[in-house]
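Under my numbering, the letters of the sequence shown match residues 20 to 312, in that order. Even glycine gets a Cβ: it sits at the ideal position worked out from N, Cα and C. For clarity, every value in this text was computed on a predicted model and none was experimentally measured.
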Amino acid sequence: MTKPVFRFAPSPNGELHLGHAYSALVNWGMANAAGGRFLLRIEDIDTTRCTPELERSIYRDLAWLGLEWEEPVRRQSDHFDDYRDALERLIDADLVYPAFMSRGEVRARIADEEAAGRSWPRDPDGTPHYPGDDRHLTEAERRSRIAGGAPFAWRLDMRRAMAHAGAPPRWDETGLGPKEETGVVAAAPEAWGDVVIARKEMPASYHLSVTVDDALQGVTHVVRGRDLFYATAVHRLLQELLGLAAPCYHHHELIVDADGHKLSKSRGDTSLAALRAGGMTPADITRLIGLAR
Numbered sequence: 020m021t022k023p024v025f026r027f028a029p030s031p032n033g034e035l036h037l038g039h040a041y042s043a044l045v046n047w048g049m050a051n052a053a054g055g056r057f058l059l060r061i062e063d064i065d066t067t068r069c070t071p072e073l074e075r076s077i078y079r080d081l082a083w084l085g086l087e088w089e090e091p092v093r094r095q096s097d098h099f100d101d102y103r104d105a106l107e108r109l110i111d112a113d114l115v116y117p118a119f120m121s122r123g124e125v126r127a128r129i130a131d132e133e134a135a136g137r138s139w140p141r142d143p144d145g146t147p148h149y150p151g152d153d154r155h156l157t158e159a160e161r162r163s164r165i166a167g168g169a170p171f172a173w174r175l176d177m178r179r180a181m182a183h184a185g186a187p188p189r190w191d192e193t194g195l196g197p198k199e200e201t202g203v204v205a206a207a208p209e210a211w212g213d214v215v216i217a218r219k220e221m222p223a224s225y226h227l228s229v230t231v232d233d234a235l236q237g238v239t240h241v242v243r244g245r246d247l248f249y250a251t252a253v254h255r256l257l258q259e260l261l262g263l264a265a266p267c268y269h270h271h272e273l274i275v276d277a278d279g280h281k282l283s284k285s286r287g288d289t290s291l292a293a294l295r296a297g298g299m300t301p302a303d304i305t306r307l308i309g310l311a312r
C-alpha cells in the first residue's frame, strides 16, 4: 500500500513564526499518525524576496522543533521548467491569455464602473476581479504587444476554463470550512475571476506552482491554514485542466495575535528565532500554540 504523503511548504521571505510552527507540527503529527511521509518544500519562486539565509533559518527552526523530513528538499527555483511546461499546456489549450492592463488602469476602470452605479465583483479575499478586456484581443494584437516589450501576466480565462473542465470541481475536506456532511466541498473557482497564472518575469503564480509541485511530489494530503480554504477551488480547477490527481485537503485554524489578526512575516510577529534566543524551548512553543499533550 502506498504511504500517504504530507508536506510543509514555507517561503524563505521572512522568519518563521508561531503560525508556521503550528502548521509544520500539525503536518508532522498527521503524517506520523497515518504512517506516512513528511516532505519539506521551499517555495522560493519569488527570487526577489526569498534569500538563502532565510532558507537556512527555516531548516534551523524546524530542526530545533524536532522535525525531520525527507531529502532532497524540493526548491521551486530549481524547477522553473516544470511550471513553464504546465503553462504551455494551458496556452496550447487556449485557457489563458496575456493580460496587459496595469494596476492603475484596472483601478481606473473599476472606479468608473462604480461611479456609474455598477457594482464590481470581488474575490473571496476582497480583491476586485480583473476586467478581462484582453480576452478579446486578436492573436496578432497580442503578439505585437508582447514583441514590443509590453508588461503582461498570463491569466486564466475562467469562463473558458470552467467550460473545459465540465462539471464543477469538488474536494475532500477533513478540516475547517463549509462542506457537505460527507466532507466534500463543492468548489467555486469562478469566485476568483481570471486569476494570474504566471507573469512575464516569473514562470508561475502561487496557484500554478503549488498545484504542479503537489502533483509531482505525489502529495496525498495538503494540510494548511484555513486562510487558503477558498483558494483550493482554483487549485482543484487547475488539477482538472492539467489532468493531475486531487489530494485530500485539511485546513486548520490560524494562530492570531492579541487583536485577532493573522501573524505576518512582514510585521516580525513572534519569530521562532527570537523566541529561541529569548530562552524558549520547543516544549514551550507547543504549549504556546496549543499542541502540548
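- Of all C-beta pairs linking the segment 179-194 to the segment 224-232, fewer than three are shorter than 8 Å, placing the two stretches out of contact.
- Taking a contact as a CB-CB distance under 8 Å, the pair PRO31 and ILE61 counts as one, their CB atoms being some 6 Å apart.
- Nearest in C-alpha terms to ASP63, of all of VAL215, GLU72, ALA302, GLU192, is GLU72.
- Counting C-beta pairs closer than 8 Å gives fewer than three between the segment 288-308 and the segment 262-269, which falls short of the contact rule.
- According to the DSSP secondary-structure assignment, TYR116 is paired through a beta bridge with ARG174.
- In this structure, LEU260 sits near ALA184, with a CB-CB distance shorter than 8 Å.
- Counting other Cβ atoms within 10 Å of its Cβ, MET120 reaches 16 or more and is therefore classed as buried.
- DSSP, reduced to helix, strand and coil, places ASP213 outside both helices and strands of the structure shown, so it counts as coil.
- In the structure shown, GLY145 falls within a coil segment according to DSSP collapsed to helix, strand and coil.
- At a Cβ-Cβ threshold of 8 Å, HIS148 and GLY54 do not count as neighbours.
- DSSP, reduced to helix, strand and coil, places VAL231 within a helical segment of the structure shown.
- Each residue's CA atom was taken as its position, placing ARG178 and LEU257 some 13 Å apart.
- Contact annotation, HIS98 with THR289: C-beta distance approximately 31 Å; criterion of less than 8 Å not satisfied.
- Under the rule that a run must span 4 or more residues, no alpha helix (DSSP H) segment is found entirely inside the segment 179-223.
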